[in-house]
Amino acid sequence: MERQIYLDHAATTQPAPEVVQQMLPWLSGRYGNPSARYQLGQEADRCIAGARKQVAALIGADEGELYFTSGGTESDNWVLRACLSDRQDGKRHIITTGIEHHAILNTCARLEKEGAKVSYVMPDSEGRVDVRDIEREIQEDTVLISVMYANNEIGTLQPVREIGLLAAEYGIPFHTDAVQAVGHIPIDVKTLGITWLSASAHKFHGPKGCGFLYMRKGYELPSLLCGGAQERGLRAGTENVAGIAGMGAAARVCMAHMSGDQETVRRQRDYLIRGVESAIPGARLNGHRRMRLPNNVNFSFSGLEGAALLLLLDQDGICVSSGAACNASSEKGSHVLTAIGAPEEYQRGTVRMTLGPETTREELDYVIERLKEHVFQLREMKNA
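The sequence shown: position 110 = 536 (my numbering), numbered continuously.
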């Protein structure tokens with residue numbers, strides 16, 4: 427392939443060079459178990475402590491409020507399940523939205539089968555939920571409000587601060603799946619009133635298989651996994667030292683470059699949106715035009731199949747997706763597009779393009795050109 431243009435940063439990001447460099451020693455000579463008392467193990471333990479400080483600083487948390495996990499899915503499961511486990515008061519009601527990641531939705535579905543009650547608040551046509559709709563779902567037995575920070579498909583940002591204030595007013599813990607937001611936009615968990623926050627390292631230039639759960643002091647959850655006393659007794663299992671070291675380095679890199687990268691990527695995002703809308707009649711932008719992630723562009727095109735469009739773009743060396751990467755093999759349509767009322771004839775022709783700081787105007791011009799040609803080609807084939 428002569429060229430490759432990567433526009434799928436919402437699926438995963440390339441580990442930063444600093445991240446790889448930080449990880450390598452812990453994959454070779456410094457292989458000690460961090461629970462061991464001898465020097466080799468204590469080196470690993472100190473590495474974890476240093477990374478915890480770096481990651482905590484990224485979201486404005488105290489280092490003692492951070493717990494390392496295998497990623498966002500585990501962190502989401504931990505919050506939802508632990509909120510309901512061993513409750514003596516009989517309260518088993520959760521409020522979430524209809525556009526959450528499947529780590530939330532599928533866990534909620536399982537909990538409903540086990541006797542929990544779940545209310546699903548639906549968004550408006552731009553993918554944004556109304557805080558008043560959340561308030562209307564609050565019941566006497568509500569134990570959790572869980573609303574994602576930013577949607578993984580259409581990029582819409584939710585009114586997190588307002589939800590945090592609402593949750594505090596009613597004395598209900600507030601969890602947010604911030605997998606798509608951490609490292610890309612400034613987050614201060616204290617200011618936002620967040621009780622628990624989930625994140626994955628590979629979404630912000632860290633390694634795969636590593637993430638964290640922020641737990642506000644005083645809101646520590648029971649352990650999801652039974653086993654040893656790692657992570658101050660709340661997350662059993664030998665720590666992924668190399669992954670944690672890499673995540674710490676990724677947090678440090680993000681903090682150093684976030685302000686400049688955010689503005690650069692936002693300008694490129696808006697350039698791509700204008701280019702597609704100018705070049706292709708009937709292109710439908712999904713998500714909020716202003717309140718969206720700086721790197722997210724999601725378009726639907728009528729009269730074609732998204733799978734064919736993705737294949738043609740791949741042959742051009744352009745990496746994009748039709749939505750969530752973890753749901754790519756599913757034949758079901760997007761629950762997010764359905765929730766925002768996207769017409770069915772558009773839903774089948776959806777492309778998500780998520781940019782990185784390295785994305786250039788030249789690359790975007792090429793993407794717009796190839797996208798235009800393929801959309802017209804597929805529409806002609808369907809109408810032939």
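Cβ atoms here follow ideal geometry from the backbone N, Cα and C, with glycine treated the same way.
Task: Local conformation of Glu-500 per DSSP, three classes - done: helix
TODO: Helix, strand or coil for Ala-768, going by three-state DSSP, please let me know.
DONE: coil
- [ ] Can you tell me which of Val-667, Gln-773 and Tyr-493 puts its alpha carbon nearest to the alpha carbon of Ile-580?
- [x] Gln-773
Open item on the list: Can you list, in chain order, the residues of its chain with a C-beta nearer than 8 Å to that of Ser-755? Leave out the 5 residues immediately preceding and following it.
Closed with: For Ser-755, the predicted model reports a pLDDT of 49, less than 50, meaning its position is unreliable; a value from the coordinates is still stated below. Excluding sequence neighbours, Ser-755 sits near nothing in its chain.
Task: Own chain, CB closer than 8 Å to Leu-736, minus 5 neighbours either side, in chain order - done: Val-746, Ser-747, Ser-748 and Val-777
Open item on the list: Just to confirm before moving on: does the CB-CB distance between Gly-672 and Pro-441 stay below 8 Å?
Closed with: yes
- [ ] Can you give me the Cβ contacts of Thr-617 inside the same chain, cut-off strictly under 8 Å, excluding the 5 residues immediately before and after it?
- [x] Gly-486 and Arg-587
Open item on the list: So, with DSSP's three-state summary, where would you put Lys-517?
Closed with: coil
Task: Residue of Arg-429, Arg-478 and Thr-439 minimising C-alpha distance to Val-667 - done: Arg-478
Open item on the list: According to DSSP, simplified to helix, strand and coil, what is Cys-745?
Closed with: strand
TODO: Report, in whole angstroms, the separation of the C-beta atoms of Ile-571 and Ile-521, which I expect to be a contact under 8 Å.
DONE: 5 Å
Open item on the list: Quick check on this structure: which residue in His-519, Thr-785, Leu-506 and Asp-550 has the alpha carbon closest to the alpha carbon of Asn-532?
Closed with: Leu-506
Task: Top-ranked residue by Cα proximity to Glu-689, from Ser-649, Pro-720 and Glu-703 - done: Pro-720
Task: Exposure of Cys-509, with buried meaning 16 or more beta-carbon neighbours within 10 Å - done: buried
TODO: Over the uninterrupted alpha helix (DSSP H) stretch that includes Met-697, give me the two end residues.
DONE: The residue you asked about is not Met; residue 697 is Tyr in the sequence shown. That run of the alpha helix (DSSP H) goes 667–705.
Open item on the list: Please identify the residue among Leu-647, Met-779, Arg-429 and Gly-729 whose C-alpha is closest to the C-alpha of Glu-806.
Closed with: Gly-729
TODO: Would you list the residues sitting across from His-601 in a DSSP beta bridge?
DONE: Ser-572 and Trp-622
Open item on the list: Excluding the 5 residues flanking His-631 on each side, which residues of the same chain have their C-beta closer than 8 Å to its C-beta?
Closed with: Thr-439, Gln-440, Pro-441, Ala-442, Val-445, Gly-609, Ala-676, Val-679 and Cys-680
Task: Residue range of the unbroken beta strand (DSSP E) whose run includes Ala-709 - done: 709–711
TODO: Identify every residue that forms a DSSP beta bridge with Tyr-464.
DONE: Its beta-bridge partners do not exist; DSSP assigns none.
TODO: Hey, could you find the ends of the alpha helix (DSSP H) Asn-724 is sitting in?
DONE: Not the alpha helix (DSSP H): Asn-724 falls in the beta strand (DSSP E), residues 722–727.
Task: Backbone secondary structure at Lys-808 - three-state DSSP - done: helix
Task: Whole-angstrom C-beta distance between Gly-713 and Asn-577, which should lie under 8 Å - done: 7 Å
Open item on the list: Measuring CB atoms only, is the segment 596–608 touching the segment 557–573, in the sense that at least three cross pairs come out at less than 8 Å?
Closed with: yes
Task: Ser-760 to Ile-699 span [Cα, whole Å] - done: 21 Å
Task: Cβ-based burial, Tyr-575 [other Cβ within 10 Å; buried from 16] - done: buried
Task: Straight-line Cα distance separating Thr-582 from Leu-790 - done: 22 Å
- [ ] Could you tell me whether the Cβ atoms of Ala-662 and Leu-647 are closer together than 8 Å?
- [x] no
Open item on the list: Checking the sheet assignment: what are the DSSP bridge partners for Thr-664?
Closed with: In the DSSP output, where bridge partners are listed per residue, Thr-664 has none listed.
Task: Beta-ladder partner(s) of Asp-812, from DSSP - done: No answer is possible for residue 812: it lies beyond the span of the chain, which begins at 427 and ends at 810.
- [ ] Within the same chain, show all residues whose beta-carbon is closer than 6 Å to that of Gln-565, passing over the 5 residues directly before and after it, in chain order.
- [x] His-519
Task: Reduced DSSP secondary structure (H/G/I, E/B, other) of Phe-802 - done: helix
Task: Same chain, Cβ closer than 7 Å to Tyr-493, five either side skipped, listed in chain order - done: Phe-638, Leu-639, Met-641, Glu-657, Leu-660 and Arg-661
Open item on the list: On the DSSP letters alone, give me the boundaries of the alpha helix (DSSP H) that Gly-637 sits inside.
Closed with: It is not in any alpha helix (DSSP H) - Gly-637 instead sits in the beta strand (DSSP E) that spans 637–641.
- [ ] Please name the residue or residues paired with Lys-543 in a DSSP beta bridge.
- [x] His-519
TODO: Please report how far the alpha carbon of Gln-480 lies from the alpha carbon of Arg-718, in whole angstroms.
DONE: 26 Å
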